[in-house]
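Oh and the sequence shown: position 184 is 218 in our numbering, straight run, nothing missing.
Take a look at the structure set out below.
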Amino acid sequence: MEHLDDQERQEVWANIQDALLNDHIDQFRAEFLELHPYDQARIFEDLEGDIRMQIYTYLSPEEVADVMEHIDYDEIEPFFTEMAPTFAAQVFAEMSTDDAVDILNELEKDKVASFLTIMDDEAADEIKDLLHYEEKTAGSIMTTEFVVVKAGMTIKEAMVHLRTEAPDAETIYYTYVIDEDKRLVGVISLRDLIISEEGWLISDVMNERVVSVSVGEDQEEVARMVRDYDFLALPVLDFQDHLLGIITVDDIMDVMEEEASDDYSKLAAISDVDSPDDNAFASAKKRLPWLVILLFLGSLTASLIGRFEETLDKVAILAIFIPLIAGMGGNTGTQALAVAVRGIATGEIEKQGKWKMMMREAGTGLITGVSCGFLIMLIVYIWQGNFFLGLLVGLSILLTLIVATLAGSLVPLIMHRLNIDPAVASGPFITTVNDLISILIYFGMATAFMNLLI
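Below, the structure written as C-alpha cells:
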C-alpha cells in the first residue's frame, strides 16, 4: 500500500462516497480496506457524523479498531461517543491493549467504567491491569500482547508456540524467555530462532544480557533507552523481575512527539499547547498565568529604570541603547536555555558533566560578548563621536552576554536538581530576568562613570 497524497486521497474519497451514497457495501469495503489504516483515519476524520454512523455498520469492530489506532488520542472522544456502546466496547477489545488504555485515559471516568463493564472479561482485565499505572510511566505505555517461551524449550517447540501466539502479539521480532517463576531470564530474536537447529535448547541460544526498564520508569527515560540501544521493543519488569509487558518503538515515537510538544509549550511559557479546537477563552486561560507573572516581572524592570531617572536626565542618550542591551541579553539567555534543556532531556549533560557544560557556556558568553561588545563600541563611537559612551555600551553588552548565558544554562540545571521540569524555565521567563540584569549592569556602570559621559 502506497502513501496517498492529498489529491489521491480526494480521488479515493470520491469513489468511497459514491459507494456509500448508493449503498454499495462491497464496493465501499473494497475501496476503503485497500487503504493503509493511516489513510483510512485521515479520510475518517473529515467525514460528517451521519456518514461515519453508516460506516460503522459496514465495518467490523476489528476493522474500525485499526482506524482508531491512527487517530490522535486527544481528538478521538467524539468518535467513541457516537458509536453504540456495545460496538465501542468491541472496538476497544480489538485494539492493542496499550492503545486502548491511552484512548480510555482521554475519556470521562463514567464512560470508561461503562465500556469495561460491557467488554468481554479477558479484554477488560488486560486493560484494567494497565489503567492503574501512573500516567507517563513505562507501565502506562506498555502492551501485554507479546510472546514468551520457557528456557527449557527446544527451538522446534518454541517455533510451534510462536506460530500459535504470533497473530495476537504486537511484535514477534523479540521473543522473551522466562523461567518457572515467570522471571525474565533472556531474549532471543526471530532471526536466531530461524537459523538455529531445531533440537537446540532455548537456554543455549538466548541472550542472557537483557536490557529492561522498571514498570515505574518515566516514559522520557524509556524513550532515551530505546534511542540509545536501537531496540524495536523493550521489556517492562516489576521489582521481582517478573515480565509485565513490552514497549514497542511505535509507542516510543508517540512519547517523543508528546515530550517534544510539552517542552516546546513550556519554553513558550504556555501551560499546554493550544488545541485547534480550543476557543479564544480556553486558549487565553492557558496562557494568562505565565503572562501575568511576566507582567509583574516586567513592572520590576520599569521600576528599576525609574531608579536611574537622575542618570537618564543627565545623559538622555543612554535611553536609546536600553532595547539593544536588554534584547541581546534575552536572546543570548534563551539560546543557552535551549541548549541546557535539550542537554538535560537527551542525557548529554549527564555524560559530559554539569561543570564542563557551564564552563563551555561561560566561554561562549565571553567570546560572543567580546565580539558584539567591540563591534557596538565602534558603531556607537562613529555614530555619536563619544568614545566613552561607546565603551560603556560595549562593556555592558560584554557583561550582559556573559551573565545571560550563565543564567540561561544555570537556571534549568537548578530546576532539574530540584526535580522540577527544566522546560518551565521558559524563554519569556529567562528573557524577562535577563532584562532586569542587563538594565542593572548598564545603568550601574553609567552611574559609576557619569563624569566621563558628560
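We treat Cβ as the ideally placed atom computed from N, Cα and C, and that holds for glycine.
Exercise for the section: Could you give the DSSP three-state label for VAL494: helix, strand or coil? Expected result: Look at the range of the chain in this structure, 35 to 488, and you will see that residue 494 is not part of it.
Practice task
Let me know if ILE413 comes out buried or exposed under the rule of 16 or more other beta-carbons within 10 Å of its beta-carbon.
Solution key: Exposed, because fewer than 16 other Cβ atoms sit within 10 Å of the Cβ of ILE413.
Problem - Alpha-carbon to alpha-carbon, LEU277 and VAL307 - result: At VAL307 the pLDDT is 48, less than 50, meaning the model places this residue with poor confidence; the figure from the coordinates comes in the next sentence. If I take the Cα positions, the gap works out to 36 Å.
Problem - Among GLU343, SER223, ASN468, GLN124, nearest to GLN8 - alpha-carbon criterion - result: As shown, the chain starts at 35 and ends at 488. That puts residue 8 outside it, with no answer to give.
Practice task
Mind the definition here: the region 467 to 481 touches the region 425 to 435 only if three or more C-beta pairs lie below 8 Å; say whether that holds.
Solution key: Between the region 467 to 481 and the region 425 to 435, the count of C-beta pairs closer than 8 Å reaches three or more; the two stretches touch.
Problem - One or two residues paired with LEU268 in a DSSP bridge - result: Answer is ILE281, bridged to LEU268.
Exercise for the section: On the DSSP bridge assignment, give the partners of SER405 in chain order. Expected result: For SER405, which the question treats as bridged, DSSP gives no partner whatsoever.
Problem - Cβ-based neighbour list, PRO310, same chain, cut-off 7 Å, excluding 5 preceding and 5 following - result: For PRO310, the pLDDT reaches just 49, beneath the cut-off of 50, and the residue's location in the model is therefore unreliable, although a value from the coordinates is still provided. None.
Exercise for the section: Look at TYR167 and ASP136 and say whether their C-beta atoms are less than 7 Å apart. Expected result: Their beta carbons are not under 7 Å apart, which means TYR167 does not touch ASP136 by this criterion.
Exercise for the section: Determine the DSSP secondary structure at VAL221, reduced to helix, strand or coil. Expected result: Three-state result, VAL221: strand.
Practice task
Using a threshold of 7 Å, state whether the C-beta atoms of VAL289 and ALA257 are closer than that.
Solution key: It is a contact, given that the beta carbons lie within the stated cut-off.
Exercise for the section: Specify, as a first and last residue, the run of the alpha helix (DSSP H) that THR434 falls within. Expected result: In the DSSP assignment, THR434 falls within the unbroken alpha helix (DSSP H) covering 421 to 451.
Exercise for the section: Quick one: give me the first and last residue of the beta strand (DSSP E) that ILE212 is part of. Expected result: Where ILE212 is concerned, the enclosing beta strand (DSSP E) starts and stops at 208 to 212.
Handout entry: One or two residues paired with ASN241 in a DSSP bridge
Key = ASN241 pairs with VAL221.
Practice task
For LEU81, name the three-state secondary structure that DSSP assigns.
Solution key: Look at LEU81 here: in three-state DSSP terms it is coil, with no helix or strand label.
Exercise for the section: Could you name the residues of the same chain whose beta carbon sits closer than 7 Å to that of GLU179, not counting the 5 residues immediately before and after it, in chain order? Expected result: The beta carbon of GLU179 lies closer than 7 Å to those of SER130, THR131, ASP202, ALA203, GLU204 in the same chain, with the five residues before and after it left out.
Exercise for the section: Determine the extent of the beta strand (DSSP E) in which VAL182 is found, giving its start and end residues. Expected result: Taken as a continuous stretch (DSSP letters only), the beta strand (DSSP E) holding VAL182 covers 182 to 184.
Exercise for the section: Below 8 Å on the Cβ atoms is my guess for GLY399 versus ILE464; work out the distance and round it to an integer in Å. Expected result: Separation of the CB atoms of GLY399 and ILE464 is rounded to 14 Å, and the pair is thereby denied contact status at 8 Å.
Handout entry: Nearest residue (CA-CA) to GLU251, options GLU242, GLU140, LEU268
Key = Checking every option, the nearest Cα to that of GLU251 belongs to LEU268.
Handout entry: Bridge partner(s) assigned by DSSP for LEU93
Key = Note: LEU93 sits in no beta bridge, so no partner.
Exercise for the section: Look at the alpha carbon of TYR208 and the alpha carbon of VAL221, and state the distance between them as a whole number of angstroms. Expected result: Taken atom to atom, the span from the alpha-carbon of TYR208 to that of VAL221 is near 7 Å.
Exercise for the section: Tell me whether TYR210 is buried or exposed, calling it buried when 16 or more other Cβ atoms sit within 10 Å of its Cβ. Expected result: Under this definition TYR210 is a buried residue.
Exercise for the section: Count the other CB atoms, across all protein chains shown, that sit within 10 Å of the CB of PRO95; report buried if there are 16 or more and exposed otherwise. Expected result: Using a 10 angstroms sphere on the CB of PRO95, the tally of other CB atoms reaches 16 or more, which defines it as buried.
Exercise for the section: With distances taken Cα to Cα, identify the nearest neighbour of ASP275 among VAL260, ASP262, VAL245. Expected result: When only C-alpha atoms are compared, the closest one is VAL245.
Problem - N-terminal and C-terminal residue of the alpha helix (DSSP H) that MET193 is part of - result: Element bounds for MET193: 189 to 199.
Handout entry: Expected contact under 8 Å - CB spacing of LEU67 and GLU97 to nearest Å
Key = A Cβ-Cβ separation of about 7 Å places LEU67 in contact with GLU97 under the 8 Å criterion.
Handout entry: Meets three-Cβ-pair contact criterion under 8 Å: the region 133 to 153 and the region 115 to 125
Key = Cβ pair count under 8 Å is three or more, so yes.
Handout entry: Residues near LYS388 by beta carbon distance below 7 Å, same chain, minus five either side
Key = The answer, listed in chain order, is LEU447.
Problem - DSSP-derived helix/strand/coil call for LEU486 - result: Helix at LEU486.
Practice task
Reducing DSSP to helix, strand and coil, say where PRO310 ends up.
Solution key: In this prediction, PRO310 scores a pLDDT of 49, lower than 50, which makes its location untrustworthy; the coordinate-derived value is nonetheless stated afterwards. If DSSP states are grouped into helix, strand and coil, PRO310 belongs with coil.
Practice task
Determine the extent of the alpha helix (DSSP H) in which ALA127 is found, giving its start and end residues.
Solution key: Element bounds for ALA127: 119 to 128.
Exercise for the section: Report yes or no: do the region 187 to 194 and the region 230 to 238 share at least 3 C-beta pairs separated by less than 8 Å? Expected result: Three or more beta-carbon pairs separated by less than 8 Å link the region 187 to 194 to the region 230 to 238, which places the two stretches in contact.
Problem - Cβ neighbour criterion (16 or more within 10 Å) applied to ILE401 - result: The Cβ neighbour count for ILE401, taken over all protein chains shown within 10 Å, is under 16; the residue is labelled exposed.
Problem - Pairwise C-alpha distance: VAL349 and ILE471 - result: Their backbone Cα atoms lie some 20 Å apart in a straight line.
Handout entry: Inter-residue CB distance, MET411 and GLY424 (contact presumed, cutoff 8 Å)
Key = Separation of the CB atoms of MET411 and GLY424 is rounded to 4 Å, and the pair is thereby assigned contact status at 8 Å.
Practice task
Compare the C-alpha of GLN223 against each of ALA480, VAL239, LYS216, ALA438 and name the closest.
Solution key: Sequence check: residue 223 is Ser here, not Gln. The residue with the shortest Cα to Cα distance from SER223 is VAL239.
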